[in-house]
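For the sequence shown, this note's numbering begins at 152 and goes up steadily by one.
Think of the CB as a built atom: it goes at the ideal place given N, C-alpha and C, for glycine as much as any other residue.
No experiment lies behind these values; they were computed from the predicted model shown.
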Amino acid sequence: MIRPAAPAADRPAAADRPADLVLHSAHVHTVDDSRPRAEAIAVRDGRIAWVGDGDDWRALTGPDTEVVDARGRLVLPGFVDSHNHVRLGSDADCVQLAGARTLEEIGARIAERLRCHPDADWIEGEAFDYSAIPGGRMPTAADLDRFTGDRPAFVLSYDVHTAWLNTAALRRLGIDRDTGQTAYGTVRKDPATGEPTGFLTDFAVRGLSRDGHRALRAAGVPWADPDRQYRRLAGSLDMAARYGITTVVEPQNSLDDLPLFERAMAEGRLRSRLVAGLFHPRGTTAEDLAAFAEAARRHRSDRFRVGPLKLYIDDVVEPHTAALLEPYAGHHSHRGETFYPPEEFAEVLAGLDAAGFQAFVHATGDRGIRTVLDAVEHARTVNGPRDARHQIVHVECLDPADVPRFAELGVVACMQPRHCSPDIAGPGRDWAEAVGEHRWTKAWPMRSLHRAGAVLALSSDWNVAEMDPLVGLYTAVTRRGLDGGEPWMPGETLDLATALRGYTLGSAHAVHLERELGSLAPGKLADLVLLSDDLFAVEPKAYLDARVELGVLGGEVVHRAD
Numbered sequence: 152m153i154r155p156a157a158p159a160a161d162r163p164a165a166a167d168r169p170a171d172l173v174l175h176s177a178h179v180h181t182v183d184d185s186r187p188r189a190e191a192i193a194v195r196d197g198r199i200a201w202v203g204d205g206d207d208w209r210a211l212t213g214p215d216t217e218v219v220d221a222r223g224r225l226v227l228p229g230f231v232d233s234h235n236h237v238r239l240g241s242d243a244d245c246v247q248l249a250g251a252r253t254l255e256e257i258g259a260r261i262a263e264r265l266r267c268h269p270d271a272d273w274i275e276g277e278a279f280d281y282s283a284i285p286g287g288r289m290p291t292a293a294d295l296d297r298f299t300g301d302r303p304a305f306v307l308s309y310d311v312h313t314a315w316l317n318t319a320a321l322r323r324l325g326i327d328r329d330t331g332q333t334a335y336g337t338v339r340k341d342p343a344t345g346e347p348t349g350f351l352t353d354f355a356v357r358g359l360s361r362d363g364h365r366a367l368r369a370a371g372v373p374w375a376d377p378d379r380q381y382r383r384l385a386g387s388l389d390m391a392a393r394y395g396i397t398t399v400v401e402p403q404n405s406l407d408d409l410p411l412f413e414r415a416m417a418e419g420r421l422r423s424r425l426v427a428g429l430f431h432p433r434g435t436t437a438e439d440l441a442a443f444a445e446a447a448r449r450h451r452s453d454r455f456r457v458g459p460l461k462l463y464i465d466d467v468v469e470p471h472t473a474a475l476l477e478p479y480a481g482h483h484s485h486r487g488e489t490f491y492p493p494e495e496f497a498e499v500l501a502g503l504d505a506a507g508f509q510a511f512v513h514a515t516g517d518r519g520i521r522t523v524l525d526a527v528e529h530a531r532t533v534n535g536p537r538d539a540r541h542q543i544v545h546v547e548c549l550d551p552a553d554v555p556r557f558a559e560l561g562v563v564a565c566m567q568p569r570h571c572s573p574d575i576a577g578p579g580r581d582w583a584e585a586v587g588e589h590r591w592t593k594a595w596p597m598r599s600l601h602r603a604g605a606v607l608a609l610s611s612d613w614n615v616a617e618m619d620p621l622v623g624l625y626t627a628v629t630r631r632g633l634d635g636g637e638p639w640m641p642g643e644t645l646d647l648a649t650a651l652r653g654y655t656l657g658s659a660h661a662v663h664l665e666r667e668l669g670s671l672a673p674g675k676l677a678d679l680v681l682l683s684d685d686l687f688a689v690e691p692k693a694y695l696d697a698r699v700e701l702g703v704l705g706g707e708v709v710h711r712a713d
């Protein structure tokens with residue numbers, strides 16, 4: 152369990168025992184408003200013992216103290232990634248389709264996989280980009296058939312919200328013209344023939360659920376096998392430690408998934424703190440909620456805790472399944488749908504709020520976001536205000552009228568800066584074209600939310616985007632692609648200090664852990680990173696070349712760069 156915080160001290164006093172670790176000659180960016188900057192930091196018994204300047208740190212050292220000369224480099228609180236799908240991860244057994252810009256390139260990568268694994272029963276792929284499909288349409292089974300033949304193929308989009316099957320997979324899974332819904336997705340049909348196209352929407356809502364995973368495993372899809380899941384989790388956790396992410400929020404899990412985290416902890420693979428959210432699909436019962444509450448009581452250590460509930464109000468913009476206030480560009484009436492009628496969702500959220508649960512609600516479209524804000528307002532009216540810190544996750548297309556409501560209602564904006572990069576969502580990409588240029592000013596309004604007083608919790612959304620927080624910081628500060636180029640909607644950039652707060656103290660606040668994590672102050676848990684460069688002294692492009700030299704979790708060094 153978390154130990155009580157030690158009393159703060161500005162200067163090191165005589166101590167019974169010396170510090171375990173000291174970093175000096177550093178630029179310590181504390182994210183602590185009472186002392187924003189320091190030159191040295193000392194750690195004892197897993198907590199920060201002292202933060203200060205000059206040579207005062209020497210009074211805290213002894214023969215066993217590890218002393219690190221930072222040589223002017225930047226020391227930060229450990230990164231808190233407020234939305235990171237470490238359990239979903241990236242799968243080495245899948246064809247990697249990130250960066251494939253055409254169907255032909257997708258086919259070439261599949262062909263290479265088949266050449267190397269000629270006996271594979273399934274072809275599995277991940278991270279296909281909607282923009283690779285010609286004509287702005289969604290993919291079909293026929294598109295895959297010419298590359299895969301009679302071998303079943305299961306391919307996930309880069310955002311993991313849709314699945315793409317070939318004809319053999321449709322047969323293997325028993326999907327035909329009479330199938331509307333499966334446990335793992337909504338079957339899209341050809342309007343002319345009524346036959347399934349091979350494109351499944353709502354995969355993140357259904358396919359990542361307990362029932363969805365069980366159905367995929369029963370059908371023999373290797374991707375859903377528990378051992379494959381654990382390999383993905385272990386690889387992602389190693390990556391998190393390497394990137395200085397000392398706290399991971401894994402937002403969407405079922406009770407079936409918790410043993411994976413327990414195994415990782417037992418095997419020493421959990422080198423970050425982890426907060427696991429539990430998935431609350433529509434139709435969740437009172438018995439389910441009781442089981443969720445029991446899991447939260449059972450897992451409340453400082454290393455692994457369970458508690459928040461993940462809900463969806465809409466889907467994603469690219470396949471036109473997010474809920475917009477006005478029709479999609481080029482459509483007369485289609486605005487997308489919400490998964491709940493607004494009145495029902497308001498009652499669901501009010502019930503969760505009354506029971507003491509914190510809600511993480513996926514919302515990307517402006518109508519979806521407004522529906523959630525209205526529901527939070529209803530909950531506060533019914534239950535009275537409380538420090539719930541309900542989150543709206545993604546906040547991709549936000550109407551200006553709703554910007555001040557985040558601070559007014561105490562709603563956290565959990566956002567992923569990399570998603571708004573022009574090489575992912577900007578002009579010429581499916582996101583920007585779907586909403587239309589007249590709505591581009593609504594895209595990821597991070598600066599507007601910050602100025603309005605909202606708490607920003609910034610994150611990666613791995614494996615939808617790169618896990619590295621330095622990539623997210625670069626995009627938040629520039630709104631440029633990784634190769635530079637023109638910024639997209641630069642009026643919504645953040646300054647570096649604000650972006651760093653979003654990746655540290657803001658994200659700790661978002662899960663009620665700001666008293667223990669997120670800043671470097673005496674008495675707090677000693678989670679910190681030493682970077683190879685001082686980000687405040689270089690151009691933003693150089694963030695992409697920086698790395699974490701040292702990662703410390705509770706005073707223990709969990710990562711050292713080679």
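Give every residue of the same chain whose Cβ lies closer than 8 Å to the Cβ of residue i, excluding the five residues on either side of it in the sequence, and list them in chain order.
i      : result
ASP171 : VAL194, ARG195, ASP196, ASP215, THR216, GLU217 and GLY706
THR472 : HIS312, THR352, ASP353, ASP465, ASP466, GLY487 and GLU488
Using only the alpha-carbon positions, how far apart do residue i and residue j sit?
i      : j      : result
LEU254 : GLY349 : 15 Å
ILE153 : ARG598 : Caution is warranted here: a pLDDT of 41 is assigned to ILE153, below 50, making its placement in the model unreliable, and the coordinate value is therefore given only provisionally. The alpha-carbon atoms of ILE153 and ARG598 are separated by roughly 34 Å.
ALA210 : LEU174 : 13 Å
ILE520 : LEU500 : 14 Å
TYR309 : VAL356 : 15 Å
SER241 : ALA392 : 16 Å
ARG540 : ALA661 : 6 Å
TYR491 : HIS570 : 25 Å
LEU681 : GLU469 : 38 Å
GLY632 : THR436 : 44 Å
SER683 : ASP619 : 14 Å
ASP504 : ALA497 : 10 Å
ALA157 : ASP244 : Reliability of the predicted coordinates at ALA157 is poor, the pLDDT of 42 falling under 50, and the value obtained from them is presented with this limitation in mind. About 47 Å.
LEU425 : VAL338 : 34 Å
LEU359 : VAL708 : 34 Å
ALA159 : LEU668 : Because the pLDDT of ALA159 is 44, which lies under 50, any placement of that residue in the model is unreliable, and the number read from its coordinates should be weighed accordingly. If I take the Cα positions, the gap works out to 15 Å.
VAL246 : ARG379 : 15 Å
ALA576 : PRO285 : 17 Å
Could you tell me which of the options sits nearest to residue i, measuring between CA atoms?
i      : options                           : result
VAL546 : PRO493, LEU600 and ALA510         : LEU600
LEU624 : ALA603, HIS485 and ALA648         : ALA648
ALA304 : MET289, ARG323, GLY345 and ASP206 : ARG323
PHE508 : ALA441, ASP270, ARG433 and PRO347 : ALA441
ALA249 : GLY276, VAL237 and GLY229         : GLY276
VAL512 : GLN403, ASP341 and LEU316         : GLN403
GLU263 : THR299, ILE284 and VAL237         : THR299
SER185 : ALA677, ALA693, GLU690 and LEU671 : LEU671
LYS675 : PRO169, ILE192 and SER176         : ILE192
LYS692 : ALA510, ASP407, GLY325 and VAL628 : VAL628
GLY419 : ALA444, VAL399, PHE430 and ASP389 : ASP389
ARG238 : LEU621, ASP207, GLU413 and ARG198 : GLU413
Can you tell me which of the three DSSP states residue i falls into?
i      : result
PHE508 : coil
GLN542 : strand
PRO308 : Contrary to the premise, residue 308 reads as Ser rather than Pro in this sequence. SER308: strand per DSSP, three-state reduction.
ARG109 : Absent from the model: residue 109. The displayed extent of the chain is 152 to 713, so no value can be given.
CYS267 : helix
THR348 : strand
ASP183 : coil
PRO493 : helix
TRP315 : strand
MET390 : helix
PRO536 : coil
ASP220 : strand
CYS245 : coil
ARG382 : helix
LEU475 : coil
Got a sec? Which residues, its chain only, sit under 6 Å from residue i by beta carbon, not counting five neighbours each side?
i      : result
VAL457 : ALA427, ALA446, ALA447 and HIS450
ARG383 : GLY240 and ASP242
ASP713 : none
GLY363 : ALA334, TYR335 and ARG357
THR318 : ALA292 and ASP296
If I measure Cβ to Cβ from residue i and keep anything under 7 Å in the same chain, skipping five residues before and after, which residues do I get?
i      : result
ASP685 : HIS178, GLY223, ARG224 and LEU225
ALA189 : VAL179, THR181, VAL202, GLY203 and ASP204
SER484 : PRO478
ARG537 : none
Under 8 Å, with one C-beta from each stretch per pair, do the region 372-384 and the region 216-233 reach the 3-pair mark?
At 8 Å Cβ cutoff, the stretches do not touch.
contact_flag[the region 231-238, the region 291-302] where n(CB pairs < 8 Å) is 3 or more:
By the criterion of at least three beta-carbon pairs nearer than 8 Å, the region 231-238 is not in contact with the region 291-302.
Contact the region 554-565 vs the region 613-623: 3+ CB pairs below 8 Å:
Remark: fewer than three beta-carbon pairs, one from each stretch, lie closer than 8 Å, so the region 554-565 and the region 613-623 are not flagged as touching.
Between the region 624-640 and the region 255-263, are three or more C-beta pairs nearer than 8 Å?
By the criterion of at least three beta-carbon pairs nearer than 8 Å, the region 624-640 is not in contact with the region 255-263.
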